[in-house]
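Numbering (the working numbering), first residue to last: 107 to 308. Yeah, the Cβ is synthetic: ideal placement off N, Cα and C, and Gly gets one too.
In structure tokens form, the structure reads like this:
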């Protein structure tokens, strides 16, 4: 066997081993649900959410989907524990056993490889939900992140859901990451569409 081929095989094996080790480490850090998010982020206050997403976050996108459901159905789905369960390896949103969904309520987006601790900072029933990310299970990755969901009736029983989400990574927050928004937008829009699995549809 040629020497160069042996080198390629060895490098590929090392890369695969490194990737597997990395996934194992992420899974270990994410173990424990809500309590796994132990590395604090800079929270975004309710009165700063819009400005943060419009101008301050290094990366931000806005997408919307229309649903054949009334606004209250859409809003309830956003607060359901099954929200985002369709993302691979995701268990959903953990409210730590509480039925509360008010301003100040803490929850966590729980994935096998990462847990995001969140806090509801805006809750205008059937209209607007604002969330700031307060901690992450992986250190030295995120500085801040937040999202706003706007729910608007479009008439005849239909509702438009607009999702504004953004964040700033540590160390490289100065990069023009918003340029990547067109690449991420289709995935985010697909995510919103999966909300139908909670509400059902006509």
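Item	Value
Does the Cβ-Cβ distance between residue 145 and residue 288 come in under 8 Å?	no
Which value, in whole angstroms, describes the spacing of the CA atoms of residue 249 and residue 210?	20 Å
Would you report the Cα separation of residue 155 and residue 228, rounded to the nearest angstrom?	9 Å
In angstroms, rounded to a whole number, what distance separates the CA positions of residue 216 and residue 143?	9 Å
What would DSSP say about residue 218, mapped onto helix, strand or coil?	coil
Tell me whether residue 300 sits in a helix, a strand or coil according to DSSP, three-state version.	coil
Does residue 153 pass the burial test, meaning 16 or more other C-beta atoms within 10 Å, or should it be called exposed?	exposed
Under 8 Å: do the region 277-286 and the region 254-269 share three or more Cβ pairs, one atom per stretch?	no
Given a cut-off of 8 Å, decide if residue 169 and residue 295 are closer than it, judged by their beta-carbon atoms.	yes
Using DSSP's beta-bridge definition, name the partner residues of residue 248.	275
Any idea what DSSP makes of residue 255, helix, strand or coil?	strand
Compute the Euclidean distance between the alpha carbons of residue 161 and residue 237, then round it to the nearest angstrom.	17 Å
Reducing DSSP to helix, strand and coil, say where residue 204 ends up.	coil
Could you tell me whether the Cβ atoms of residue 299 and residue 171 are closer together than 8 Å?	yes
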